[in-house]
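Residue numbers (full-length UniProt numbering), protein chains in the order written: chain A, 1 to 275; chain B, 1 to 275; chain C, 1 to 275; chain D, 1 to 275. Virtual Cβ for every residue (Gly too), placed ideally from N, Cα, C. Fair warning: this is a prediction, and the values are worked out from it, not measured in the lab. I have placed the structure first, in the form of structure tokens, so that the comments after it can refer back to it.
Protein chains: 4
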Amino acid sequence: MCRWLAYSGSPVLLEELLYAPANSLVTQSRHSRLGVETTNGDGFGVGWYSTAPLPGLFLSTEPAWNDRNLRELSAQITAGLVFAHVRASTGTAVQQTNCHPFRHGRRLWMHNGLITGFPLLRRELSLVVDPSLYAEIEGSTDSEVLFFLALTFGLEHDPPTAVARTAGFVEAIGRNHGVAHPLQMTVATTDGETTWAFRYSSERRSRTLFHSTDITTLRQQYPDNPTLHGLSPDTRLVVSEPLGDLHGAWREVPESTCVVARGGVEELLPFGPLR
Amino acid sequence: MCRWLAYSGSPVLLEELLYAPANSLVTQSRHSRLGVETTNGDGFGVGWYSTAPLPGLFLSTEPAWNDRNLRELSAQITAGLVFAHVRASTGTAVQQTNCHPFRHGRRLWMHNGLITGFPLLRRELSLVVDPSLYAEIEGSTDSEVLFFLALTFGLEHDPPTAVARTAGFVEAIGRNHGVAHPLQMTVATTDGETTWAFRYSSERRSRTLFHSTDITTLRQQYPDNPTLHGLSPDTRLVVSEPLGDLHGAWREVPESTCVVARGGVEELLPFGPLR
Amino acid sequence: MCRWLAYSGSPVLLEELLYAPANSLVTQSRHSRLGVETTNGDGFGVGWYSTAPLPGLFLSTEPAWNDRNLRELSAQITAGLVFAHVRASTGTAVQQTNCHPFRHGRRLWMHNGLITGFPLLRRELSLVVDPSLYAEIEGSTDSEVLFFLALTFGLEHDPPTAVARTAGFVEAIGRNHGVAHPLQMTVATTDGETTWAFRYSSERRSRTLFHSTDITTLRQQYPDNPTLHGLSPDTRLVVSEPLGDLHGAWREVPESTCVVARGGVEELLPFGPLR
Amino acid sequence: MCRWLAYSGSPVLLEELLYAPANSLVTQSRHSRLGVETTNGDGFGVGWYSTAPLPGLFLSTEPAWNDRNLRELSAQITAGLVFAHVRASTGTAVQQTNCHPFRHGRRLWMHNGLITGFPLLRRELSLVVDPSLYAEIEGSTDSEVLFFLALTFGLEHDPPTAVARTAGFVEAIGRNHGVAHPLQMTVATTDGETTWAFRYSSERRSRTLFHSTDITTLRQQYPDNPTLHGLSPDTRLVVSEPLGDLHGAWREVPESTCVVARGGVEELLPFGPLR
Numbered sequence: 001m002c003r004w005l006a007y008s009g010s011p012v013l014l015e016e017l018l019y020a021p022a023n024s025l026v027t028q029s030r031h032s033r034l035g036v037e038t039t040n041g042d043g044f045g046v047g048w049y050s051t052a053p054l055p056g057l058f059l060s061t062e063p064a065w066n067d068r069n070l071r072e073l074s075a076q077i078t079a080g081l082v083f084a085h086v087r088a089s090t091g092t093a094v095q096q097t098n099c100h101p102f103r104h105g106r107r108l109w110m111h112n113g114l115i116t117g118f119p120l121l122r123r124e125l126s127l128v129v130d131p132s133l134y135a136e137i138e139g140s141t142d143s144e145v146l147f148f149l150a151l152t153f154g155l156e157h158d159p160p161t162a163v164a165r166t167a168g169f170v171e172a173i174g175r176n177h178g179v180a181h182p183l184q185m186t187v188a189t190t191d192g193e194t195t196w197a198f199r200y201s202s203e204r205r206s207r208t209l210f211h212s213t214d215i216t217t218l219r220q221q222y223p224d225n226p227t228l229h230g231l232s233p234d235t236r237l238v239v240s241e242p243l244g245d246l247h248g249a250w251r252e253v254p255e256s257t258c259v260v261a262r263g264g265v266e267e268l269l270p271f272g273p274l275r
Numbered sequence: 001m002c003r004w005l006a007y008s009g010s011p012v013l014l015e016e017l018l019y020a021p022a023n024s025l026v027t028q029s030r031h032s033r034l035g036v037e038t039t040n041g042d043g044f045g046v047g048w049y050s051t052a053p054l055p056g057l058f059l060s061t062e063p064a065w066n067d068r069n070l071r072e073l074s075a076q077i078t079a080g081l082v083f084a085h086v087r088a089s090t091g092t093a094v095q096q097t098n099c100h101p102f103r104h105g106r107r108l109w110m111h112n113g114l115i116t117g118f119p120l121l122r123r124e125l126s127l128v129v130d131p132s133l134y135a136e137i138e139g140s141t142d143s144e145v146l147f148f149l150a151l152t153f154g155l156e157h158d159p160p161t162a163v164a165r166t167a168g169f170v171e172a173i174g175r176n177h178g179v180a181h182p183l184q185m186t187v188a189t190t191d192g193e194t195t196w197a198f199r200y201s202s203e204r205r206s207r208t209l210f211h212s213t214d215i216t217t218l219r220q221q222y223p224d225n226p227t228l229h230g231l232s233p234d235t236r237l238v239v240s241e242p243l244g245d246l247h248g249a250w251r252e253v254p255e256s257t258c259v260v261a262r263g264g265v266e267e268l269l270p271f272g273p274l275r
Numbered sequence: 001m002c003r004w005l006a007y008s009g010s011p012v013l014l015e016e017l018l019y020a021p022a023n024s025l026v027t028q029s030r031h032s033r034l035g036v037e038t039t040n041g042d043g044f045g046v047g048w049y050s051t052a053p054l055p056g057l058f059l060s061t062e063p064a065w066n067d068r069n070l071r072e073l074s075a076q077i078t079a080g081l082v083f084a085h086v087r088a089s090t091g092t093a094v095q096q097t098n099c100h101p102f103r104h105g106r107r108l109w110m111h112n113g114l115i116t117g118f119p120l121l122r123r124e125l126s127l128v129v130d131p132s133l134y135a136e137i138e139g140s141t142d143s144e145v146l147f148f149l150a151l152t153f154g155l156e157h158d159p160p161t162a163v164a165r166t167a168g169f170v171e172a173i174g175r176n177h178g179v180a181h182p183l184q185m186t187v188a189t190t191d192g193e194t195t196w197a198f199r200y201s202s203e204r205r206s207r208t209l210f211h212s213t214d215i216t217t218l219r220q221q222y223p224d225n226p227t228l229h230g231l232s233p234d235t236r237l238v239v240s241e242p243l244g245d246l247h248g249a250w251r252e253v254p255e256s257t258c259v260v261a262r263g264g265v266e267e268l269l270p271f272g273p274l275r
Numbered sequence: 001m002c003r004w005l006a007y008s009g010s011p012v013l014l015e016e017l018l019y020a021p022a023n024s025l026v027t028q029s030r031h032s033r034l035g036v037e038t039t040n041g042d043g044f045g046v047g048w049y050s051t052a053p054l055p056g057l058f059l060s061t062e063p064a065w066n067d068r069n070l071r072e073l074s075a076q077i078t079a080g081l082v083f084a085h086v087r088a089s090t091g092t093a094v095q096q097t098n099c100h101p102f103r104h105g106r107r108l109w110m111h112n113g114l115i116t117g118f119p120l121l122r123r124e125l126s127l128v129v130d131p132s133l134y135a136e137i138e139g140s141t142d143s144e145v146l147f148f149l150a151l152t153f154g155l156e157h158d159p160p161t162a163v164a165r166t167a168g169f170v171e172a173i174g175r176n177h178g179v180a181h182p183l184q185m186t187v188a189t190t191d192g193e194t195t196w197a198f199r200y201s202s203e204r205r206s207r208t209l210f211h212s213t214d215i216t217t218l219r220q221q222y223p224d225n226p227t228l229h230g231l232s233p234d235t236r237l238v239v240s241e242p243l244g245d246l247h248g249a250w251r252e253v254p255e256s257t258c259v260v261a262r263g264g265v266e267e268l269l270p271f272g273p274l275r
């Protein structure tokens, strides 16, 4: 459906992150190896944190691989926390308001997957969104509704619980409408300091998700790899699919798991829907 | 806010309708004379009826004045019933799903004006949309919500009543939220045979609206004008502003009026909100 | 690089031509089977002949597979001669003026392939374009320069000779600059009545090209196929890759060949560069 | 035709420069006061210098006033040298490769005005472009050809002379073709340190151009204006039209003049075509 990456660590030039790796996200936009769709050409988005009050967003409906502005900005912008996403639409319109990451205040959200039967469930799901947030919904995707449900359920205070309640609620509504497996998701969200990534699906056959291993160990393993030596030890990546073939650099995030990454420490927590 | 035209009559090449007149709709996209905004450059749309089951739609986020595809298609497409609209956003995103005309089955809808305080009212208005229609809402404009409210209130059976109930409902919800003048609208809708146009606003100071006068009389008045002689006597236009300065060619639609045009006969009915 | 189709015969709804076949051109835009690139998402174009003085053109920088306007127009427009093209850029900008088909008067041109070393050769090739045509060059592709060279060399009077001289000229200039195999092309051009298609490359390993076989024979072979029975016997298609798997429906155009299709008769002529 | 601004001085958030002033460049994109066209909605561009090897470029075909990415980037990017341009096409296509500023290495170029009779002169002008530069021409505007002519005539070594020779050459070619007043231009160019701005036209009735006056004097005049006190004394602006009504803040650049601004010092030199 889509591909994404969540980076935190040493400030990095976006170009190094988005274009340089062998299987970079921009490469995945045209030739994903592990995605349900090989082509993720229905728009893209990048969110990053600088000294500005809000994280920056650059969203476009063009395929990432041929967007010259993305190339240009990537050569100019350096950031220590970056979310990037390439989209393969599951039917909704290709428009900037449907591009990820979505933003609310300093918080970003991006999603790979879908709510099965979304046209059928959309109204009931939307009605539960907090009335004070409702007017901020600008697009027509299931991913954005998931975000606003999570905000409604407390994303700003306790992300794992808010996402668990979101998953539980979507499954309940879906099953009321006869949808066997309502939710498929890998999701990343951040407040600019901590990143939470979730791998979950109702049928427990979730889209792929990987996290980078400890850079220090990798450096010992690959003493001659300049890239690894340029990154600080607190660098962490969570990605839909590995950015390259470096042996030992990536670990699959297990089914039904939440990864919490903050200040170079990451924790894997079991994740399941809450009702 | 926006400018539109609704044409019915002899099959006409879109180019003749959209580009040829002195103050054509494409000219109005850059230099409107009577609009609240002189520039209506936030996208445009054209809807037309051919032999296909559904009316055609061409929607674009580019300004009409520099869109080459609009120019091209206008040189190719001939139709006897055409809706066209140039948009000046009142804040919502510039995206195809926010471009008019909106379509449901064979029915088209376009709007100039706004719901005052829409961000505040949006949720309550949306909840009243018939659940079976809700999932069709793709954009984020007040205009599209108006359309789906009108459909909910019976647009397919009795347009004047459905639009009157829509206006009454929007005003009631708006006033509950302390909005003094919730609705400003000129609206056109058609099923492919009859066109209904409405001029109304809560404060009774509505955006301009004009309808063409009887072609037969005009011909007698301007015996040498070739354009007039090329049009069949049943040709009717309803427009946000006159397409030119031909004396006697345009009559202002009065405040709080519904124009019904069908088969060369037009009727002006008083219009007001229904609760 | 790109994929194209050239249709002539019974008036056909574009939707039937561009979307309906199993391996339709729109499908090829995302998943080409035989192309150098599997993804042809860098814009598209359709040209067609109606009663208007010039053929219509609809060009877009979006991938064909997610363009709603293409879908809409395809449901409305019927034509008896259609050129359609999906683009995979070889480096030049994704912009409408780089989309095929290119047009000059009533003549259309589309190309799959490239001029190797084009940045090096571009100036010398452009200088040979007839000065009266030069100002019409709007884009930056090798394909458009090929078209203007062919026009310069007499495309409007004798297409096979004009294209042969173009090929010969490009090869001469290329080889002067040390390019071993300067030209790779399948090209289609039409005046609205006759279609000429060329398969040629300097190294005689040209991109694939196919033409449809005689519909009458196919009908006998597949008595129950309704599509075949809806097409008139003079229907002809030349395509970069077959639109489906119907056994016997497609023949490969041989290397170094020009196909001439007119009024249901097609001729295959040997083709080679002329100096 | 177009509107532009060239800023140098204290690092400034783009938002402050492009949106905050009463008559900001973004405001001018919709409602220019002094332009030949009130609407400059045919794309825009921003170029800025950071620590990256090349200046950044953000170019878009959308009107500046409704581009959300411009708004976003303006809230994130700070630079001490900024070129910004809003375009009103004089007929050439609205595409990114026709948006200003144009870039060659570290050098930027933007233009307001036109070459009269450009379609007629384009070929002869293009042929004089240095062959090693020719392949870099990506768009179809007179403005880009002017840039490449200036580069050919030594822009990288002596901008005033190179632009003077460009003007002289364009006038000579134009007059050979019977064009009375071939050139109309205000141009700005920079190498990232010095900015050169030119006001010139063949008929000596050039588009407007203004430069900011000494900030120190203004501060004394307006002791309570916080904006003026936030800017360093070396801040300089050259603009198509004043960004606001502050009395004494703007001086018109005289006809046939070159402004050279570097390190807070500016010099006005007489300018005329050279043959």
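### Query
Which partner residues does Arg-107 (chain A) have in the DSSP bridge list?
A:His-104
### Query
Skipping 5 residues on each side, what residues in its chain have a beta carbon closer than 8 Å to that of Ser-232 (chain B)?
Gly-9, Ser-10, Ile-215 and Gly-264
### Task
Return helix, strand or coil for Tyr-134 (chain D), following the three-state DSSP convention.
Here DSSP, grouped into helix, strand and coil, assigns Tyr-134 (chain D) to helix.
### Message
By the three-class DSSP mapping on this structure, what secondary structure does Asn-112 (chain A) have?
### Response
strand
### Message
Does chain F have any CB closer than 9 Å to the CB of Gln-95 (chain D)?
### Response
You won't find chain F in this structure, because its protein chains are A, B, C and D.
### Message
Tell me the rounded alpha-carbon separation between Ile-115 (chain C) and Asp-142 (chain C).
### Response
Looking at the two C-alpha atoms, the distance is approximately 6 Å.
### Query
Do the segment 69–81 of chain B and the segment 150–167 of chain B touch if we need at least three Cβ pairs shorter than 8 Å?
no
### Query
What are the complete alpha helix (DSSP H) segments, minimum 4 residues, inside the segment 186–248 of chain C?
215–221 and 226–230
### Query
On the three-state DSSP scale, how would you describe Arg-170 (chain A)?
Strictly speaking, residue 170 (chain A) in this sequence is Val, with Arg absent from that position. In this structure, Val-170 (chain A) counts as helix in the three-state DSSP scheme.
#### Entry: Any chain B beta carbon closer than 9 Å to Ser-143 (chain A)
no
### Message
If you reduce the DSSP assignment to three classes, tell me which class Ser-143 (chain C) lands in.
### Response
helix
### Query
In this structure, does DSSP put Ser-256 (chain C) in helix, strand or coil?
In the structure shown, Ser-256 (chain C) sits in coil (DSSP, three-state: anything other than H, G, I, E or B).
### Query
Are the C-beta atoms of Arg-103 (chain A) and some chain B residue less than 9 Å apart?
False, the Cβ-Cβ gap to chain B never drops below 9 Å.
### Within chain D, partners of Pro-119 (chain C) - CB distance below 8 Å
Ala-135
#### Entry: CB contact check: Leu-237 (chain D) to chain A, cutoff 9 Å
So no, Leu-237 (chain D) is outside the interface.
### Task
Just the chain D side, please: which residues come within less than 9 Å of Ser-89 (chain B) by C-beta, in chain order?
Asn-66
### Query
Is the distance from the Cβ of Gly-45 (chain A) to the Cβ of Ser-32 (chain A) below 9 Å?
Contact: no.
### Message
Going residue by residue through the segment 49–87 of chain C, where are the continuous beta strand (DSSP E) segments of at least 3 residues, counting only ones entirely within it?
### Response
Entirely contained in the segment 49–87 of chain C, the beta strand (DSSP E) runs reaching 3 residues are, in chain order, 56–60 and 78–87.
### Message
Measuring only the C-alpha atoms, how far is Leu-149 (chain C) from Leu-108 (chain C)?
### Response
14 Å
### Message
Quick check: the segment 124–136 of chain A against the segment 86–95 of chain A, are at least 3 beta-carbon pairs closer than 8 Å?
### Response
no
### Task
Report yes if the C-beta distance between Leu-218 (chain D) and Glu-252 (chain D) is below 9 Å; otherwise report no.
no
### Query
Under 9 Å between C-beta atoms, does Gly-35 (chain C) make it to chain A?
no
### Message
Could you check whether the Cβ of Val-227 (chain A) sits closer than 9 Å to any Cβ belonging to chain C?
### Response
A small fix is needed here, since residue 227 (chain A) is Thr in this sequence, not Val. Not closer than 9 Å to any Cβ of chain C, the Cβ of Thr-227 (chain A) fails to qualify, so no.
#### Entry: 9 Å Cβ cutoff, Thr-152 (chain D) in contact with chain C
no
### Message
For chain B, check one thing: does any of its Cβ atoms lie closer than 9 Å to the Cβ of Arg-3 (chain D)?
### Response
no
### Query
Which two residues bound the contiguous alpha helix (DSSP H) that contains residue 278 (chain B)?
Nothing about residue 278 (chain B) can be reported from this structure: the residues present for chain B run from 1 to 275 only.
### Message
Under 9 Å, Cβ to Cβ, is there at least one residue of chain C near Gly-113 (chain D)?
### Response
no
### Message
Going by C-alpha to C-alpha distance, which of C:Gln-95, C:Leu-70 and C:Phe-147 sits closest to Ala-84 (chain C)?
### Response
Cα-wise, what sits closest to Ala-84 (chain C) is C:Leu-70.
### Proximal residues of chain C, C-beta to C-beta of Pro-182 (chain D) below 8 Å
Result: empty, since nearest Cβ-Cβ is about 15 Å, beyond 8 Å.
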